[in-house]
Every structure is written in structure tokens, then in C-alpha cells.
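Novice: Residues -28 to -1, 1 to 256 in mature numbering (1 follows the signal peptide of the UniProt record, and there is no 0) are what the sequence shown spells out, letter by letter. Here it is, the structure, as C-alpha cells.
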Amino acid sequence: MPAYSAPRLRLAIVASLCSALMAGCASAPSPDRAAPTPVPELRPGVPAGYLGKDLPDSLVLLPPPPAEGSAAFRQDQAISRAARKLRGTARYALATSDADLHPAHAAGAFACALGVPISPQDSPRLYLLLQRTMVDAGLATYSAKNHYQRVRPFVHYRESTCAPADEAALRKDGSYPSGHTAIGWAWALVLTQLQPARANPLLARGRSFGESRLVCNAHWQSDVLEGRAVAAGAVARLQADATFRADLAAARGEVEALQARAAQPAGDCAAEAAALAIRIPGVL
């Protein structure tokens, strides 16, 4: 399992995952919902993933990133140019929102696609499931990230990203593969397993969550594509974990209860759909 010393994504996953579901935090679930049983923690208030040392090894799983000057890298550059033209649009605003991995915010990115609210108060079991799978998917990218230390597009072009406050840390954090993409695609796969009738909107949102990294100028397309591969490996490995399967079943029951009382996502789903309709030309 990768060490927890590399900067950006691990800080987001480990240092910023304090959950309202854990003992001692301020928020509490609705009275008709029991809080989940406490789980192992990486540090106080930060729940561990399910896989521990059994993460897929992204360095073994993935090929090397495209070399500068190669046809594959020229494709990365072409997509980057197209994505950067979306700055100032509604799609750029959504990409900026997708960059925020604090779980209380990030999990809500999938609420419209799922059709019910995702929060510590409305869906505590689902929220905890997403927290723990975030850790697994995100950390699974780090053996390749640390080995290749690929330079990110905003550094390559001497430009900015949609999250300027993060740029100093991102400069020290390898671009390949994309951890944000791995998290978003893992969530899309897990939520599709939980609610297969919502597969199309969930998978589309998972795809767009990764593509937001192109719009933000934080990743190359090959980083995004291989982030999905790491996510698929992590979710496949999760299927053998009994605790994950039990938590998935509990979250499914919770979502079905929300559906039965017609609970609606808190966000503006029409505005989200309009932003997602703005596509990046040439994206695979």
C-alpha cells in the first residue's frame, strides 16, 4: 500500500476526510436513520478504506504514460487545448466544483444521477460507503503516480487550473494516473451496482467527473483514461470483501427508502445537465 506522504490527493483523502458520520463530529443523521457502526480509521475521524494492503498495484496494471513527442502525447496535447477553451463556461464551473474532494461536497456530485440526496444526514450508510471507496480508489493510483511523476498540463504550459490554491501541491503530485478520475469512476461503478436502473446517468456522471480534470487543466487525457482502469481494478477487488458487500446492501436499502418517500437531490439538476451537455471536442 502506498505511503501517505505524497501531497495533494492523499491530503485530500486522508487529512480532509473528517466525516459527520464518525463519533464526535457535529452533524447527525435524521432521527429515523441509525448511524453506521464505527469503522477502522486512518486517523481520528478519518475512515479507512476496505482494502488496506490489498489495493491493486497501478504500476503493474498500467503502461507507462505517453512520452513527450509521441503520437499519444500529441493526442493528449490536442485534447488539452480543446478542454482549456471551455474556461469561463458552465462546464468549467462544474469542473471547478468537481475538483473539491471533501466528501460532504464530492459525494453530492452524484446525487442528481442517483436521483436521491447523498449526505451524512439523508443517507449515512451510502455516504460512508462512498468515503471508504474513495480511499481505496484514490490510494490505488499512487504506486504509478509516485513512480512516473508525470508533469501536469498546467505546469507543462505554465498556466493555471480551476483550483489555484491547490497548484503548489499539485506540482509535486504525479499526473498519471488521475486520482480524481479513479474516485469518480469507482463511485459510478459502485452506485450502478447499488442501483442498476440508474446505470446510464451514473456512468455518464462518472465519466464527466474525470473529464472535469481536463477542463481544469490538471490532467492529460491519458491520465484520465488510466484512472478509470485503476478504479475498475479497485471495484473488482472490492467484490470479494464481505464488509463492502454488507455495506452495499445497507446503502441499497437506504436509497430505496429515500426513493419510496420521493426524496429529491438538493442541487440544481437542470443546471448540472446543461453544463454536462457542453462536451470537449475529440475526447475518447
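Glycine included, every Cβ here is placed at the ideal spot set by N, Cα and C.
(1) Short check: CB of Ala54 to CB of Pro253, under 7 Å?
(2) Restricting to runs no shorter than 3 residues, where is the beta strand (DSSP E) found entirely within the stretch 4 to 81?
(3) Going residue by residue through the stretch 107 to 190, where are the continuous alpha helix (DSSP H) segments of at least 4 residues, counting only ones entirely within it?
(4) Distance check for Ala65 and Gly156, CA to CA, integer angstroms please.
(5) In chain order, what residues of the same chain have a beta carbon less than 6 Å from the beta carbon of Val202, not counting five sequence neighbours either side?
(6) Check the C-beta distance from Ala81 over to Asp70 and give it rounded, since I have them as a contact under 8 Å.
(7) Our contact map puts Ala158 next to Ala109 with C-beta atoms below 8 Å; I'd like the distance itself, whole angstroms only.
(8) Roughly how many angstroms separate the alpha carbons of Leu220 and Leu166, rounded to a whole number?
(9) Excluding sequence positions up to five away, which residues of its chain have a Cβ less than 8 Å from the Cβ of Ala169?
(10) What is the DSSP secondary structure of Asp94, reduced to helix, strand or coil?
(11) Taking Arg224 as the reference, which of Arg15, Ser95, Pro36 and Gly24 has the closest Cα?
(12) Rounded to whole angstroms, what is the Cα-Cα separation between Pro89 and Ala235?
(13) Among the candidates Leu248, Ile51, Arg209 and Pro92, whose CA atom is the shortest distance from the CA of Val227?
(14) Return helix, strand or coil for Gly199, following the three-state DSSP convention.
(15) So, are the CB atoms of Ser194 and Pro37 less than 7 Å apart?
(16) Using only alpha-carbon positions, find the residue among Gly17, Gly21 and Glu13 that is nearest to Arg209.
(17) Run the CB neighbour count on Asn189, radius 10 Å, all protein chains shown included, and call it buried at 16 or more, exposed below.
(18) Can you name the start and end residues of the alpha helix (DSSP H) that residue 334 belongs to?
(19) Could you tell me the boundaries of the alpha helix (DSSP H) in which Ala238 lies?
(20) Alpha helix (DSSP H) containing Ala83: first to last residue?
(21) Taking the alpha-carbon positions, what's the Ala249 to Ala204 distance?
(22) Cutting at 6 Å between CB atoms, please list the residues of its own chain near His191, excluding the five before and the five after it.
(23) Considering only the beta carbon of each residue, do Val162 and Gly182 sit closer than 7 Å?
(24) Between the C-alpha atoms of Arg143 and Val123, what's the straight-line distance to the nearest angstrom?
(25) How many Å lie between Thr68 and Cys134 at the Cα?
(26) Expressed to the nearest angstrom, what Euclidean distance is found between the alpha-carbon atoms of Ala78 and Asp72?
(27) Given Thr105, which residues of its chain have a CB within under 6 Å of its CB, disregarding the five upstream and five downstream residues?
(28) Give a yes or no on whether the C-beta atoms belonging to residue 261 and Glu198 are separated by under 7 Å.
Specialist: The short version:
(1) Mapped onto the sequence shown, residue 54 falls at position 82. Mapped onto the sequence shown, residue 253 falls at position 281. Yes, Cβ-Cβ distance for Ala54 and Pro253 is below 7 Å.
(2) Within the stretch 4 to 81, the runs of beta strand (DSSP E) that reach at least 3 residues and sit entirely inside it are, in chain order, 13 to 15.
(3) Restricted to the stretch 107 to 190, the alpha helix (DSSP H) segments that are unbroken, complete and at least 4 residues in length are 114 to 120, 125 to 128, 139 to 142, 151 to 166 and 171 to 187, listed in chain order.
(4) Reading the sequence shown from its first residue, position 184 is the one you call residue 156. Reading the sequence shown from its first residue, position 93 is the one you call residue 65. Spanning the two alpha carbons is a distance of roughly 17 Å.
(5) What you label residue 202 is simply residue 230 of the sequence shown in a count that begins at 1. These residues qualify, in order along the chain: Ser30, Ala112, Thr113, Pro149 and Ala154.
(6) Position 109 of the sequence shown, counting from 1, holds the residue named residue 81. Position 98 of the sequence shown, counting from 1, holds the residue named residue 70. Yes, Ala81 and Asp70 are in contact; Cβ-Cβ is about 6 Å, under 8 Å.
(7) Along the sequence shown, read from residue 1 onward, the residue named residue 158 stands at position 186. Along the sequence shown, read from residue 1 onward, the residue named residue 109 stands at position 137. Rounded, the Cβ-Cβ distance is 4 Å, consistent with contact.
(8) For the purposes of this step, residue 220 is taken as residue 248 along the sequence shown, with counting starting at 1. For the purposes of this step, residue 166 is taken as residue 194 along the sequence shown, with counting starting at 1. Each residue's alpha carbon lies about 7 Å from the other.
(9) What you label residue 169 is simply residue 197 of the sequence shown in a count that begins at 1. Counting only Cβ-Cβ distances below 8 Å, and skipping sequence neighbours, we find nothing.
(10) Position 122 of the sequence shown holds residue 94. Coil.
(11) By one-based count along the sequence shown, residue 224 stands at place 252. Cα-wise, what sits closest to Arg224 is Ser95.
(12) Taking the sequence shown and counting its residues from 1, one reaches residue 89 at position 117. Taking the sequence shown and counting its residues from 1, one reaches residue 235 at position 263. Each residue's alpha carbon lies about 7 Å from the other.
(13) Counting from one through the sequence shown, the residue named residue 227 turns up at place 255. If we check each option's Cα against that of Val227, Pro92 comes out closest.
(14) Here residue 199 refers to the residue found at position 227 of the sequence shown. Looking at Gly199 - three-state DSSP - the assignment turns out to be helix.
(15) To locate residue 194, count along the sequence shown from 1; it is residue 222. To locate residue 37, count along the sequence shown from 1; it is residue 65. It is a contact, given that the beta carbons lie within the stated cut-off.
(16) For the purposes of this step, residue 209 is taken as residue 237 along the sequence shown, with counting starting at 1. That would be Gly21, whose Cα lies nearest to the Cα of Arg209.
(17) By one-based count along the sequence shown, residue 189 stands at place 217. With 16 or more Cβ atoms within 10 Å of its Cβ, Asn189 is classed as buried.
(18) The displayed coordinates of the chain run from -28 to 256. Any statement about residue 334 would go beyond what the structure contains.
(19) Counted from its first residue, the sequence shown places residue 238 at position 266. Looking at the DSSP string, Ala238 is not in any alpha helix (DSSP H), and its letter there is neither H nor E.
(20) Reading the sequence shown from its first residue, position 111 is the one you call residue 83. Counting along the chain, the alpha helix (DSSP H) containing Ala83 begins and ends at Ala83 to Leu86.
(21) Walking along the sequence shown from the start, residue 249 turns up at place 277. Walking along the sequence shown from the start, residue 204 turns up at place 232. Each residue's Cα considered, the two are about 25 Å apart.
(22) By one-based count along the sequence shown, residue 191 stands at place 219. Same-chain partners within the cutoff: Ser147, Ser150 and Arg185.
(23) Here residue 162 refers to the residue found at position 190 when the sequence shown is read from its first residue. Here residue 182 refers to the residue found at position 210 when the sequence shown is read from its first residue. Taking 7 Å as the Cβ cut-off, Val162 and Gly182 do not qualify as a contacting pair.
(24) Here residue 143 is taken as the residue at index 171 of the sequence shown, counted from 1. Here residue 123 is taken as the residue at index 151 of the sequence shown, counted from 1. Each residue's Cα considered, the two are about 7 Å apart.
(25) Locating residue 68 in the sequence shown gives position 96, counting from the first residue. Locating residue 134 in the sequence shown gives position 162, counting from the first residue. Distance between the alpha carbons of Thr68 and Cys134: 5 Å.
(26) Here residue 78 refers to the residue found at position 106 when the sequence shown is read from its first residue. Here residue 72 refers to the residue found at position 100 when the sequence shown is read from its first residue. The straight-line gap from Cα to Cα measures roughly 6 Å.
(27) Stepping through the sequence shown from its first residue, residue 105 is reached at position 133. Only Ala158 and Val162 meet the Cβ criterion.
(28) What is shown of the chain runs -28 to 256, which leaves residue 261 out entirely.
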